[in-house]
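Numbering (my numbering), first residue to last: 3 to 182.
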């Protein structure tokens with residue numbers, strides 16, 4: 003997957019790099035550049051991983067309050083303004099922004115959604131799959147901090163699990179498809 007991305011990221015302008023035998027080398031070139039950016043060979047530059055480590059150490063030293071510091075305080079917007087930000091792990095960001103109260107609220111909400119969705123697993127399999135995908139992705143990524151399609155898609159799936167009218171509509175469509 004990384005070689006595929008690297009190839010098309012460097013070849014999209016039409017510049018196809020080739021070796022002596024005519025074999026395209028854009029993928030290898032892009033992959034090596036990616037690795038080089040992550041692990042910097044220059045001793046004067048800090049690598050991406052060491053920056054992340056320092057950021058996590060900063061957040062581990064910060065106290066977590068019961069009510070939190072405010073939603074959005076440590077998101078990508080803060081990162082763009084060169085402020086302290088958590089751009090990697092949704093759970094750490096949620097803990098610092100909403101505190102223990104918010105984290106418990108999110109946990110209870112997601113437990114409720116999964117239990118409610120499992121009652122009608124045949125009708126909610128897609129929504130449960132999306133919900134579980136987000137719960138796993140939030141371990142290492144931060145999919146909910148951007149105001150984009152990711153956040154809207156998750157909350158629409160959550161609404162489709164909870165909403166009884168949506169459930170009745172899905173039941174009717176399911177019965178129609180089984181009758182044919």
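For glycine and all other residues, C-beta sits at the position ideal for the given N, C-alpha and C.
| Environment of residue 136 [buried if 16+ CB atoms lie within 10 Å] | Here the question's residue 136 lines up with position 134 in the chain shown. With 16 or more other Cβ atoms within 10 Å, it is buried.
| In or out: residue 98 buried (at least 16 other Cβ within 10 Å) or exposed? | Translated into the one-based positions of the chain shown, residue 98 becomes position 96. It counts as buried.
| Meets three-Cβ-pair contact criterion under 8 Å: the stretch 103-115 and the stretch 62-74 | yes
| task | Tell me whether the beta-carbon of residue 91 lies closer than 8 Å to the beta-carbon of residue 142. | result | On the chain shown, residue 91 is found 89 positions in, with the first residue counted as 1. On the chain shown, residue 142 is found 140 positions in, with the first residue counted as 1. Their beta carbons are under 8 Å apart, which means residue 91 touches residue 142 by this criterion.
| message | Which of the three DSSP states is assigned to residue 75 in this structure? | response | The residue you call residue 75 lines up with position 73 of the chain shown. Three-state result, residue 75: coil.
| Ordered along the chain, which non-local residues of its own chain (more than five positions away) have a Cβ less than 8 Å from that of residue 125? | Locating residue 125 in the chain shown gives position 123, where the first residue counts as 1. Hits under 8 Å: 169, 172, 173 and 176.
| When we look at the beta-carbon of residue 178 and count the other beta-carbons within 10 Å, is it buried (16 or more) or exposed? | Residue numbering aside, residue 178 sits at position 176 when the chain shown is read from its first letter. Classification of residue 178: exposed, given that the 10 Å Cβ count is below 16.
| query | Candidates 116, 119, 75 and 158: which alpha carbon is nearest residue 96's? | reply | By one-based count along the chain shown, residue 96 stands at place 94. Cα-wise, what sits closest to residue 96 is 75.
| task | Assign residue 120 to one of two classes, buried (16 or more other C-beta atoms within 10 Å of its C-beta) or exposed (fewer than that). | result | The residue you call residue 120 lines up with position 118 of the chain shown. Classification for residue 120: exposed.
| field | Buried/exposed call for residue 94, threshold 16 Cβ in 10 Å | value | Within the chain shown, residue 94 is the residue found at index 92, counting from 1. Under this definition residue 94 is a buried residue.
| message | Tell me the DSSP secondary structure of residue 22 in three-state form. | response | On the chain shown, residue 22 is found 20 positions in, with the first residue counted as 1. Correct three-state label for residue 22: coil.
| Excluding sequence positions up to five away, which residues of its chain have a Cβ less than 8 Å from the Cβ of residue 26? | The residue you call residue 26 lines up with position 24 of the chain shown. Excluding residues within five positions, the ones whose Cβ falls inside 8 Å are 9, 13, 18, 19 and 20.
| Short check: CB of residue 184 to CB of residue 118, under 8 Å? | For the chain, the structure presents residues 3 to 182; residue 184 sits outside this window and is missing.
| field | Simplified DSSP assignment, three categories, for residue 174 | value | Numbered from its first residue, the chain shown carries residue 174 at position 172. In the structure shown, residue 174 sits in a helix (DSSP, three-state: H, G or I).
| request: Please classify residue 144: is it buried, with 16 or more other beta-carbons within 10 angstroms of its beta-carbon, or exposed? | output: In the chain shown, the residue the question calls residue 144 occupies position 142. Counting Cβ neighbours within 10 Å, residue 144 comes out buried, since at least 16 surround it.
| field | Beta-carbon spacing of residue 133, residue 112 below 8 Å | value | The count along the chain shown starts at 1 and reaches residue 133 at position 131. The count along the chain shown starts at 1 and reaches residue 112 at position 110. Yes, they are a contact pair.
| task | Put residue 12 into one of helix, strand or coil per three-state DSSP. | result | On the chain shown, residue 12 is found 10 positions in, with the first residue counted as 1. Here residue 12 sits in helix by DSSP.
| query | Secondary structure at residue 186, three-state DSSP: helix, strand or coil? | reply | Given a span of 3 to 182 for the chain in the structure shown, any question on residue 186 remains unanswerable.
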